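First residue of the sequence shown? That's 265 in this note's numbering, and the numbers climb one at a time after it.
Every residue gets a Cβ at the ideal spot worked out from N, C-alpha and C, and that includes glycine.
Since this is a predicted model, take the numbers as computed values, not measurements.
One structure is given below, encoded as structure tokens.
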Amino acid sequence: TIILLVANGEFKVRQQLLVQVLCLLFPFQLRICEALVGLISRTHFEQSDPETLPIQLLQDPDNTSAKVLAHYGQMIMSHKFRRYDYGFLENVRNYNSFTPPLYNLTKIKIPVYLIAGRGDILARPENVITLHKALSNEANRFPIFFVDNDKFTHMDFLWAKDVVPLCYEHVLNFINSNYHVLP
């Protein structure tokens, strides 16, 4: 998540040229690259290796649309988990309502296992708890697993040095103990 570039409604979060210019030429640029990523995701980098960051950025593209980002912003501002807000007239046309309808999370009937990082500013722990409470009884069979590291962020689920013992091993144990799929 270095620099957002807009092209035809698409946010190109990681452009190869930008990563090469900002992160690859000299060792001091690795720290600049870290700082830029940290501005967006509040990554603390205790769990990262700055030398692998450019590789991660180049091999893990994550473009998204302007509409998706706008929708996230709408939900953050309204504090409601609801469909996209097109505005008064378009909402009536699309939803038969002046405001977008809420997502009915009670319709989710399969078990959901939520995993959260206490340092995650993109999926804050309090929002994960709110989501957990909104699920149906059938979906809400398991407690939330909070990674045992107070600084664990959104990016750490992919990039942390200790993600295996902090998270992945737990997930595998959870699956095996609840669904008996691993030998």
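Span separating the alpha-carbon of residue i from that of residue j
{"i": "T394", "j": "R382", "result": "14 angstroms"}
{"i": "F352", "j": "R346", "result": "15 angstroms"}
{"i": "R357", "j": "R295", "result": "49 angstroms"}
{"i": "I340", "j": "V428", "result": "31 angstroms"}
{"i": "V270", "j": "D426", "result": "Since pLDDT at V270 reaches only 47, below the 50 mark, its modelled position is unreliable, and the value read off the structure follows with that caveat. Near 34 angstroms, if we compare the C-alpha coordinates of D426 and V270."}
{"i": "T316", "j": "F421", "result": "15 angstroms"}
{"i": "V376", "j": "I439", "result": "12 angstroms"}
{"i": "N401", "j": "H434", "result": "23 angstroms"}
{"i": "S329", "j": "E354", "result": "19 angstroms"}
{"i": "K331", "j": "C297", "result": "27 angstroms"}
{"i": "Y348", "j": "R388", "result": "21 angstroms"}
{"i": "H444", "j": "F406", "result": "16 angstroms"}
{"i": "A380", "j": "S342", "result": "22 angstroms"}
{"i": "F362", "j": "Q338", "result": "15 angstroms"}
{"i": "Y432", "j": "E310", "result": "18 angstroms"}
Exposed unless 16 or more other CB atoms sit within 10 angstroms - verdict on residue i
{"i": "F416", "result": "buried"}
{"i": "I364", "result": "Note on identity: in this sequence residue 364 is Pro, with Ile being the wrong assignment. P364 comes out buried."}
{"i": "D414", "result": "exposed"}
{"i": "A424", "result": "buried"}
{"i": "S312", "result": "buried"}
{"i": "A299", "result": "exposed"}
Whole-angstrom C-beta distance between residue j and residue i, which should lie under 8 angstroms
{"i": "H418", "j": "L378", "result": "Contact flag wrong, Cβ pair sits at about 14 angstroms."}
{"i": "I374", "j": "V392", "result": "Going by Cβ atoms, the distance from I374 to V392 rounds to 18 angstroms, so no, they are not a contact pair."}
Residue j beta carbon less than 7 angstroms from that of residue i
{"i": "V411", "j": "L430", "result": "yes"}
{"i": "A398", "j": "L369", "result": "yes"}
{"i": "A403", "j": "I372", "result": "yes"}
Three-state class that DSSP yields for residue i in the structure shown
{"i": "R346", "result": "strand"}
{"i": "S361", "result": "coil"}
{"i": "S441", "result": "helix"}
{"i": "I379", "result": "strand"}
{"i": "L366", "result": "strand"}
{"i": "F406", "result": "coil"}
{"i": "T417", "result": "coil"}
{"i": "T328", "result": "strand"}
{"i": "L436", "result": "helix"}
{"i": "L395", "result": "helix"}
{"i": "I296", "result": "helix"}
{"i": "V427", "result": "helix"}
{"i": "I385", "result": "coil"}
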